[in-house]
Structures are given as structure tokens and as C-alpha cells.
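Asker: Residue numbers (my numbering), protein chains in the order written: chain Z, 1260 to 1386; chain L, 64 to 322. Note that the Cβ used here is the ideal one computed from N, Cα and C, for glycine as well.
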């Protein structure tokens, strides 16, 4: 007999909660960060080729899109750092209680926003 | 593999609407996933108007009421109605749980009821759990002791016994496994939270002599390490157990070579 049994709906109906949101965002920001690091390395190597390239990069980064990308990457890296710390603590076997995981999830989300603001506003003066 | 969309034969269609006939003022709309294997049609969502003035407090009571008074063709598993047997595990309001222990008052607005996620549906709210039971069998969930004596008791200290708390209470309702996205995408290889919790239960049992062999068996990229601490399992468990922590403990045992 042909197996025609349908597959019951899954991700379409399942409710999100803090922990699953942080987990999926961790993976997405991870991929974004790998691409971003590669691009930054490429931009850096462009500088070796001459002064004109610097002007092009600066022009791009000071445009609206450039600023949005910088802000987005700042958040993505901030989120990744905090979320990674959360996962490291979990790898040690701590923070698995529902309440704790919810609190650490909130810390990761709000912390990443705060870190983004700090890095964006004051990051320039560190270097 | 990750497949976000449902296959062609699983797309959900609009179903029938059962209007209330009791004339009650306190109505609640209940949307239920229906699929009839003999019809050859796609699954559909039927909507029932249920009189809440004459309905006990749990979601299972609503289903019983619908089956008894509105539509006898509705199929779902149930048995004990006290959260002990795990038969009535289903997805209510986007979260897995036992229909018999989930109060419908906690659900705001319409009540949406689906079978457990990402299973082959047998009929209506009944999902096919064969794969999960096969995996359960694969971890050999029974005591393996070197003890030759069949009459002498194997002594266990209170501390050793306490380790089993939070693991032995599992009723294998599959709420956790079917809530896990990793299990959705890799259910054929990844053991899933329910089975891993049971694997853990036998690994830490002081009376069992096959601890190393058991650990070696689950120490596999796909069987164990597909757990990414999403925590859907722990938040779904109707018995308040913590499969995510059990999986982390297994990983820890393997990482620290505490075998």
C-alpha cells in the first residue's frame, strides 16, 4: 500500500519561547559573522592595494546602508558573544531549569542590544 | 534535513464548521486537525463551537464532549485521563502537552489542537510513534547486571537511588521528542530527548553494569550531539522533567571521560 499519511504540521504551529529564539538566532548570527569576518578580511586586503580603495570603503561605510550594516554586525557579534557564554555555561551542566534558561535568554537578548549601543557609540574611541 | 514547508499531501485545507446547537452564550471555538485515511483528501481544520458552561476543565474534556455530542468521527488517543498514561499527548495552542492535564482556561481565544508535530498521521490527532519506540528499544531499557544470583537483592544506597529522580518518572508520551526541532529534521538518526532521558536513566543506575557500553552506544554525532539546547523538550514535558539537562549530563560524562 502506498504510504500517503500526511506529515503533521511542526514549525508552522509550534510556539516560540525565549530559549528556542535565542538558539536559532545563535545559529543565524553565527553564519552572518563568518561571512562578515571574511568580508572584513577582504576589505583589509584591499587596503594593501592602495589609497583609493580606502576612499571607496569609507564612502560605502558612511552611507546609510553601510551604517546599517555596521550596526547590524555590531549586534550580531554582541549577540553571538553573550549567547555563546550562555551555551558554554549550559555545556557545564548549569542553567537548565526553565526559569533560569528564560532569565539567561532575556539577559542575552537585552544584553546584546546594550552591548550594541555601547560598541557603536564608544567603540571608535577604544582603538 | 531541514524542511520548512509541509509536503504537498500534508497541506491543510479549510474544513467543516459545526455551529452550536445548544443555544449557550458561553461558546468557545475549537479548531481541530482532521485527516481521514479513507478519504484520499488532504488534512483539514474543522471548527467546533463548544458550550463551555457544561464542560469540565481540561482540553481532553472538550474533545470528549465533541466526540460524544457533536461529531463521533473524531479520533484521538486517551486512556487514564489523569496524566499517568501519556496517551493523549497532542499539540494544543502551539505547545505539546497532555490534553488531560492542560486546563482550557489557560488558552486565550480559539483553541487550536493538532497532533504531535512532525509525525506521520494515522488519523485525526493520532500520530505514528513507531520510530520513537524503535529508538527506545535500541537503547535497551532494561537492567543489565552481572549479578549471578536471581534471588538476592541488588543493594542501592539512598544517594544512588536519588539520582534516578527526575528520570524514572517519564511516561514516554513523546511530548518532548516531537517538540524538538532537531528531532524534526533528524528524527531518523537523532534519538531525541525522550529516548536520551531514558538512556541517561540506565547509565546512572548504580545497579547496572553496562554503563560504559551504554555510554559508548549513544556517543555519536547524530544520536546525541544533535541536541543544541533549544529547551523545547523541557518546556513541553507535562511531568516537569528535564530531558535537556539529562542530555547535557551525558555529554558531560563523555567529555570528562567520567566513564
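Over what stretch of residues does the alpha helix (DSSP H) that includes residue 111 of chain L continue unbroken?
Answerer: Looking up residue 111 of chain L in the second chain gives position 48. Unbroken run through residue 111 of chain L is the beta strand (DSSP E), 107-114; no alpha helix (DSSP H).
Asker: Is it the case that the Cβ atoms of residue 131 of chain L and residue 105 of chain L are separated by a distance below 8 Å?
Answerer: Along the second chain, read from residue 1 onward, the residue named residue 131 of chain L stands at position 68. Along the second chain, read from residue 1 onward, the residue named residue 105 of chain L stands at position 42. Contact: no.
Asker: Just checking, does the region 308-321 of chain L make contact with the region 155-175 of chain L on the three C-beta pairs under 8 Å criterion?
Answerer: no
Asker: What's the call for residue 1359 of chain Z, buried or exposed, on a 16-neighbour Cβ count within 10 Å?
Answerer: The residue you call residue 1359 of chain Z lines up with position 100 of the first chain. Exposed.
Asker: Within a Cβ cutoff of 8 Å, which residues of the same chain sit near residue 1339 of chain Z, ignoring the five residues on either side of it in sequence?
Answerer: Within the first chain, the letter at position 80 stands for residue 1339 of chain Z. Around residue 1339 of chain Z: 1285, 1288, 1289, 1292.
Asker: Could you have a look at residue 1261 of chain Z and say whether DSSP puts it in helix, strand or coil?
Answerer: Residue mapping note: residue 1261 of chain Z aligns to position 2 of the first chain, counting from 1. With a pLDDT of 49 at residue 1261 of chain Z, under the threshold of 50, the predicted position of this residue should be treated as unreliable, though the coordinate-derived value follows. Coil, per DSSP.
Asker: Excluding the 5 residues preceding and the 5 following residue 312 of chain L in the sequence, name in chain order all residues of the same chain whose CB lies nearer than 7 Å to its CB.
Answerer: Within the second chain, numbered from 1, the residue matching residue 312 of chain L stands at position 249. Contacts found: 263.
Asker: State the Cα-Cα distance for the pair residue 1300 of chain Z and residue 140 of chain L, rounded to the nearest angstrom.
Answerer: As a working note, residue 1300 of chain Z is residue 41 in the first chain. As a working note, residue 140 of chain L is residue 77 in the second chain. Near 58 Å, if we compare the C-alpha coordinates of residue 140 of chain L and residue 1300 of chain Z.
Asker: For residue 205 of chain L, which of L:233, L:265, L:212 has the nearest alpha-carbon?
Answerer: Taking the first residue of the second chain as 1, we reach residue 205 of chain L at position 142. Ranking the options by Cα distance to residue 205 of chain L, first place goes to L:265.
Asker: Can you tell me which of the three DSSP states residue 76 of chain L falls into?
Answerer: For this step, residue 76 of chain L is matched to residue 13 along the second chain. Strand at residue 76 of chain L.
Asker: Between which residues of its own chain and residue 1348 of chain Z is the CB-CB distance below 7 Å, once the five residues before and five after are set aside?
Answerer: Start at 1 with the first residue of the first chain, and residue 1348 of chain Z comes out as number 89. Cβ within range, chain order: 1354.
Asker: If you count every other CB in all the chains shown that lies within 10 Å of the CB of residue 230 of chain L, and 16 or more means buried, which is it?
Answerer: The residue you call residue 230 of chain L lines up with position 167 of the second chain. Residue 230 of chain L is buried by the Cβ-count criterion.
Asker: Classify residue 145 of chain L: buried if its beta carbon has 16 or more other beta carbons within 10 angstroms, exposed otherwise.
Answerer: What you label residue 145 of chain L is simply residue 82 of the second chain in a count that begins at 1. So residue 145 of chain L counts as exposed.
Asker: Would you decide whether residue 268 of chain L is buried or exposed? Buried here means 16 or more other CB atoms lie within 10 Å of its CB.
Answerer: Taking the first residue of the second chain as 1, we reach residue 268 of chain L at position 205. Classification for residue 268 of chain L: buried.
Asker: Assign residue 258 of chain L to buried or exposed, taking buried as 16 or more other Cβ atoms, counted over all protein chains shown, within 10 Å of its Cβ.
Answerer: Taking the first residue of the second chain as position 1, residue 258 of chain L is located at position 195. It is buried - the Cβ of residue 258 of chain L has at least 16 other Cβ atoms within 10 Å.
Asker: So residue 179 of chain L contacts chain Z; which residues on that side make the cut at Cβ distance below 7 Å?
Answerer: Taking the second chain and counting its residues from 1, the one referred to as residue 179 of chain L is at position 116. Using a Cβ-Cβ cut-off of 7 Å, residue 179 of chain L is close to 1267 of chain Z, given in chain order.
Asker: Going straight from the alpha carbon of residue 185 of chain L to that of residue 1382 of chain Z, what length do you get?
Answerer: Position 122 of the second chain holds residue 185 of chain L. Position 123 of the first chain holds residue 1382 of chain Z. Those two C-alpha atoms are separated by around 58 Å.
Asker: Within 8 Å, do at least three Cβ pairs link the region 240-249 of chain L to the region 283-300 of chain L?
Answerer: The region 283-300 of chain L, when compared against the region 240-249 of chain L, does touch it at the 8 Å Cβ threshold.
Asker: Between residue 1352 of chain Z and chain L, is there a C-beta pair that is closer than 8 Å?
Answerer: Counting from 1 along the first chain, the entry for residue 1352 of chain Z is found at position 93. Chain L, which has a Cβ nearer than 8 Å to the Cβ of residue 1352 of chain Z, makes this yes.
Asker: Closest Cβ-Cβ distance between residue 1284 of chain Z and chain L: below 8 Å?
Answerer: Residue mapping note: residue 1284 of chain Z aligns to position 25 of the first chain, counting from 1. Taking Cβ atoms only, chain L never reaches closer than 8 Å to residue 1284 of chain Z, which makes this a no.
Asker: Here's the rule: buried if 16 or more other CB atoms are within 10 angstroms of the residue's CB, otherwise exposed. What is residue 198 of chain L?
Answerer: The residue labelled residue 198 of chain L in the question sits at position 135 within the second chain. So residue 198 of chain L ends up on the buried side.
Asker: Contact criterion: CB-CB distance below 8 Å. Does residue 317 of chain L meet it with respect to chain Z?
Answerer: Residue 317 of chain L sits at position 254 when you count from the first residue of the second chain. Closer than 8 Å: no.
Asker: On the three-state DSSP scale, how would you describe residue 162 of chain L?
Answerer: On the second chain, residue 162 of chain L is found 99 positions in, with the first residue counted as 1. Correct three-state label for residue 162 of chain L: coil.
Asker: By DSSP, does residue 81 of chain L sit in helix, in strand, or in coil?
Answerer: By 1-based counting over the second chain, the position of residue 81 of chain L is 18. Strand.
Asker: Could you pull out every residue in the same chain whose Cβ sits closer than 6 Å to the Cβ of residue 114 of chain L, ignoring the five residues on either side in sequence?
Answerer: Position 51 of the second chain holds residue 114 of chain L. Result list for residue 114 of chain L: 85, 87, in chain order.
Asker: Taking Cβ-Cβ distances below 8 Å as the criterion, which residues of the region 65-78 of chain L are in contact with chain A?
Answerer: Of the protein chains in the structure, Z and L, none is chain A.
Asker: Can you tell me the Cα-Cα spacing of residue 1356 of chain Z and residue 74 of chain L, whole angstroms?
Answerer: Mapped onto the first chain, residue 1356 of chain Z falls at position 97. Mapped onto the second chain, residue 74 of chain L falls at position 11. Straight-line Cα distance between these residues: approximately 36 Å.
Asker: Alpha carbon to alpha carbon, how far is residue 292 of chain L from residue 1362 of chain Z? Give it in angstroms, no decimals.
Answerer: Within the first chain, residue 1362 of chain Z is the residue found at index 103, counting from 1. Within the second chain, residue 292 of chain L is the residue found at index 229, counting from 1. Answer to the nearest angstrom: the Cα atoms are 15 Å apart.
Asker: Compare the C-beta of residue 191 of chain L with all C-beta atoms of chain Z and state if any pair is closer than 8 Å.
Answerer: For the purposes of this step, residue 191 of chain L is identified with residue 128 of the second chain, where counting begins at 1. By this cut-off, residue 191 of chain L is an interface position.
Asker: Taking the alpha-carbon of residue 1341 of chain Z as reference, which of Z:1373, Z:1268, Z:1352 has the nearest alpha-carbon?
Answerer: Translated into the one-based positions of the first chain, residue 1341 of chain Z becomes position 82. Cα-wise, what sits closest to residue 1341 of chain Z is Z:1373.
Asker: Using only the alpha-carbon positions, how far apart do residue 1264 of chain Z and residue 191 of chain L sit?
Answerer: By one-based count along the first chain, residue 1264 of chain Z stands at place 5. By one-based count along the second chain, residue 191 of chain L stands at place 128. Spanning the two alpha carbons is a distance of roughly 9 Å.
Asker: Please list, in chain order, the chain Z residues whose beta carbon lies closer than 8 Å to that of residue 311 of chain L.
Answerer: The residue given as residue 311 of chain L occupies position 248 in the second chain. The answer, in chain order, is 1349, 1350, 1352, 1355.
Asker: For residue 1306 of chain Z, which residues of its own chain have a beta-carbon under 8 Å away from its beta-carbon, when the five flanking residues on both sides are left out?
Answerer: For the purposes of this step, residue 1306 of chain Z is identified with residue 47 of the first chain, where counting begins at 1. Only 1312, 1313, 1316 meet the Cβ criterion.
Asker: Quick one: grab the DSSP three-state call for residue 95 of chain L.
Answerer: Taking the first residue of the second chain as 1, we reach residue 95 of chain L at position 32. It is a strand residue.
Asker: Please list the terminal residues of the continuous alpha helix (DSSP H) segment that includes residue 184 of chain L.
Answerer: Start at 1 with the first residue of the second chain, and residue 184 of chain L comes out as number 121. Taken as a continuous stretch (DSSP letters only), residue 184 of chain L belongs to no alpha helix (DSSP H), being part of the beta strand (DSSP E) at 184-186.
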